[in-house]
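4 protein chains.
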Amino acid sequence: MGRMDADQRKRQILECAKKLFAQKGYYQTQISDIQQAAGVARGTIYQYFKNKDDIFMTILENLHLEMRDIISSKPENYEEDFSNAKKVFKYRIRKAFALFTNDPDYCNILLRVGLGLGDNFECILRRFDNQMVELIKAYLISGIKLGRIKPDIDTELMSNLIGGAFMRMAYYYGVTGKGRKKEEFEKLTEEFVETFAYGIFLEKP
Amino acid sequence: MGRMDADQRKRQILECAKKLFAQKGYYQTQISDIQQAAGVARGTIYQYFKNKDDIFMTILENLHLEMRDIISSKPENYEEDFSNAKKVFKYRIRKAFALFTNDPDYCNILLRVGLGLGDNFECILRRFDNQMVELIKAYLISGIKLGRIKPDIDTELMSNLIGGAFMRMAYYYGVTGKGRKKEEFEKLTEEFVETFAYGIFLEKP
Amino acid sequence: MGRMDADQRKRQILECAKKLFAQKGYYQTQISDIQQAAGVARGTIYQYFKNKDDIFMTILENLHLEMRDIISSKPENYEEDFSNAKKVFKYRIRKAFALFTNDPDYCNILLRVGLGLGDNFECILRRFDNQMVELIKAYLISGIKLGRIKPDIDTELMSNLIGGAFMRMAYYYGVTGKGRKKEEFEKLTEEFVETFAYGIFLEKP
Amino acid sequence: MGRMDADQRKRQILECAKKLFAQKGYYQTQISDIQQAAGVARGTIYQYFKNKDDIFMTILENLHLEMRDIISSKPENYEEDFSNAKKVFKYRIRKAFALFTNDPDYCNILLRVGLGLGDNFECILRRFDNQMVELIKAYLISGIKLGRIKPDIDTELMSNLIGGAFMRMAYYYGVTGKGRKKEEFEKLTEEFVETFAYGIFLEKP
DNA sequence: TATGAATGAGAGTTCATTCAT
DNA sequence: TATGAATGAACTCTCATTCAT
């Protein structure tokens, strides 16, 4: 193992830890697993992280940052395009879908590993979940105000349905590897949008 | 703590364990927690269960049985009523919804605790998930054959969307306690069905 | 399980315990094993014995009594026959040999199970061993006085050699079942005696 | 307790464990006893051994290696000296005797502790026992072929008698500390050989 | 007297973390 | 900074014994 600068080493440890947490879960991943996978000594881990929690938290934080960027990004010429609410919806679904399919480890951690860890982590994990649902809700409400989305829908329920359906799709196609090939993600996105379109949008599909 | 009928004692321990697993997760629930909650001595646990895994497995098994009963149950006058595919759909959603809202602990275990436990449990947990999705898929396919459901839908994707949306709804309203009151479950069910109706059914909603 | 008088029940428990101790050793034999083998309830054991040690001690005691009887028994017309020292020697070897081959469980307990149990039992087991060796020694000394046995032998060493050789023979042919058939015990006894005869006796063999 | 070379530490733990097993037996020796005797923390034991069995097995293995070396070693000028069968016999008895008297712990473990532990260990312990008896038997048979040993002896019985007598002598003088002083081992060896000489050898003693 | 559910001290083992080198 | 031997709190599980019925 050659010399490495500190940041590089830290990233390397995180990468290995992420893979292991995603595969085996938090409690079944031992420090010794991470250490071996990263090819460093036991003690070295503690030069870069306070403890096991810190490693996991850092992974979660990174995921959070990535998600925020992607989820809150806007399509080119956003202003004009918002005239077509469905297009914006599709843009975001596609973006988020890409996030999960490009990094199945993150997806696994978010959807599986992070859950059931007790209060320590759970509240952090909830942030993602709620953030996603809240974002969808905000989108729905603003759409209603703009007269693009049906005003009588239950935004709370609908944002949960969309969020739940999306996560499941992301998990099924992005993580389990079952089902489709990568090239077909565009088509899946399309069908996802169409499924909810009639219930949401005022304009004709 | 006095003597007790064996079945009663076993059920009592399971009940306490279920609550704890739902609250704290599998690994953070110690045998001593269960023992204290059940008000029995440490060793008593091991008179009724081989080990910690056995307790958890038994809980999962019970959940499995309950789910199977509910999911495979049919509405009264099923034969005639199948003429209306949407009615069957709604019947099942309502039933399954009730299961989770009536027993939030089970719901929590199924949706959160069971995940990220590594291969031991995960494959068992997957059974529930897959069972649900498979059931929905079977429903969709038979609906297509009978000319009640759009023949061009992607049944795999659609069953994942419906399953994901449903689980999320069940969790949100059944477990977190946020949102609605119990009386409104009927309305939630209705809206759930309507959201997917257009994308699924041929008959006019 | 029919009614039984107390002594009968006690003997039955002892019999089962003896078999199990002989087979599996002291620590690997659980009270529950004994209880099941004897076909009685857990608590019943404690009606007849103070504790696990008490059961084992009783078995040892019984063995002790049996051994004492056999070892100290004398051949018919003992007085006259002592003129032939070798005959007495053979008589005793045959008797003791019979004890072990007739009850392999006792033999096993004496030769294997009882050893390595720590101070509690060990000192009791030693009694048998020492008793045997002491008896042989006493025999040798009295033989020397009577002018039948070589006066220059080291009685301590010789009694250990004879004792060790005998125990090994008893174990090999009586317990492991290897080697000879039962009918040949007489011949084994004969050969045993002859092996040591030259080193011990004054008279010509 | 400071840092230490790994092999040194392992040997140190084994040494303490050997003493304790020899004194108290397998089941009555706790990990905490070994840990305290070795002056290390509980967990340190598990850095060097998989579990308690592993410690005991390693001790047995070491004993096995030592025994094999000693038992199969040959006297100087072996070839020529075999002309005198009794000399070879004596050589080996002396060597094996020395092994046990020099390391009474091993002797104790082999003769007492290892027995009655149930199938796990017993079969391993038997190896030693059988090995010894088989070696003696092989010696007797080759002696018969060479015309040095009486052709009509029962080699199976005789090897058991010699083995049993030897083990008892080794235990009595080597472990219990009773009887002789160390200087007299040569004389004991001599007397041992003479005791069996008449029954075994053809040449005049 | 017979039962067997209940007990709890105590055993072996794990593993995140520390710290002398 | 990097190491990995050492640590020990905390965990799961066992099993002889008790005692209400």
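Protein chains in written order, with numbering that gives the first Met the number 0: chain A, 0 to 204; chain B, 0 to 204; chain C, 0 to 204; chain D, 0 to 204.
Cβ atoms here follow ideal geometry from the backbone N, Cα and C, with glycine treated the same way.
Test: residue i CB closer than 8 Å to a CB of chain D
i        : result
GLY24/C  : yes
GLU79/C  : In this predicted model, GLU79/C has a pLDDT of only 49, less than 50, meaning its place in the structure is not dependable; the value taken from the coordinates is given anyway. For GLU79/C, the answer is no, since every Cβ of chain D falls outside 8 Å of its Cβ.
TYR90/C  : no
LEU114/C : yes
LEU187/C : yes
is_contact[residue i, chain C] using C-beta, thresh 8 Å
i        : result
MET157/D : yes
GLU190/D : yes
ARG67/D  : no
LEU138/D : One point to set straight first is that residue 138/D is Tyr, not Leu, in the sequence displayed. Chain C contact via Cβ: absent.
LYS147/D : In the sequence under discussion, the amino acid at residue 147/D is Arg, which differs from the Lys named in the question. Cβ-Cβ to chain C under 8 Å: no for ARG147/D.
GLN27/D  : yes
ARG111/D : yes
LEU205/D : The requested residue 205/D does not occur in the structure, where chain D is confined to residues 0 to 204.
LEU19/D  : no
GLY117/D : yes
Contact under 8 Å by Cβ, residue i with residue j
i        : j        : result
GLY117/D : LYS23/C  : yes
GLN11/B  : ALA37/B  : yes
THR194/B : PHE88/A  : no
GLN29/C  : ILE44/C  : no
ILE92/C  : THR188/C : yes
PHE96/A  : PHE184/A : yes
PHE165/A : MET66/A  : no
LEU19/C  : ASP32/C  : yes
ILE152/D : LEU201/D : no
LYS85/B  : VAL192/B : yes
TYR170/A : LEU124/A : no
TYR197/B : GLY142/A : no
ASN119/C : ASP68/C  : no
CB contact check: residue i to chain A, cutoff 8 Å
i        : result
TYR105/B : no
MET166/B : yes
GLY173/B : no
THR194/B : yes
LEU59/B  : no
LEU201/B : no
GLY163/B : yes
For residue j and residue i, believed in contact at Cβ under 8 Å, the rounded distance
i        : j        : result
TYR105/D : LEU62/D  : 5 Å
GLY163/A : MET168/B : 7 Å
TYR90/D  : TYR26/C  : Actually they are not in contact, since the Cβ atoms of TYR90/D and TYR26/C sit about 40 Å apart, beyond 8 Å.
Chain B within 8 Å of residue i, Cβ atoms only
i        : result
ASP153/A : yes
GLU133/A : no
LEU64/A  : no
TYR197/A : yes
LEU98/A  : no
Outcome for residue i when other beta-carbon atoms lying within 10 angstroms are tallied against a minimum of 16
i        : result
LEU227/A : Nothing in the structure corresponds to residue 227/A, since chain A is present only between 0 and 204.
CYS122/D : exposed
ASN107/C : buried
TYR172/D : buried
GLY113/A : buried
VAL174/B : buried
GLU79/A  : Annotation note: pLDDT 49 at GLU79/A (below 50); position unreliable, coordinate value reported separately. So GLU79/A ends up on the exposed side.
LEU145/B : exposed
GLY176/C : exposed
ALA21/C  : buried
Would you say the region 151 to 161 of chain D touches the region 124 to 143 of chain D, given that touching needs at least three Cβ pairs under 8 Å?
yes
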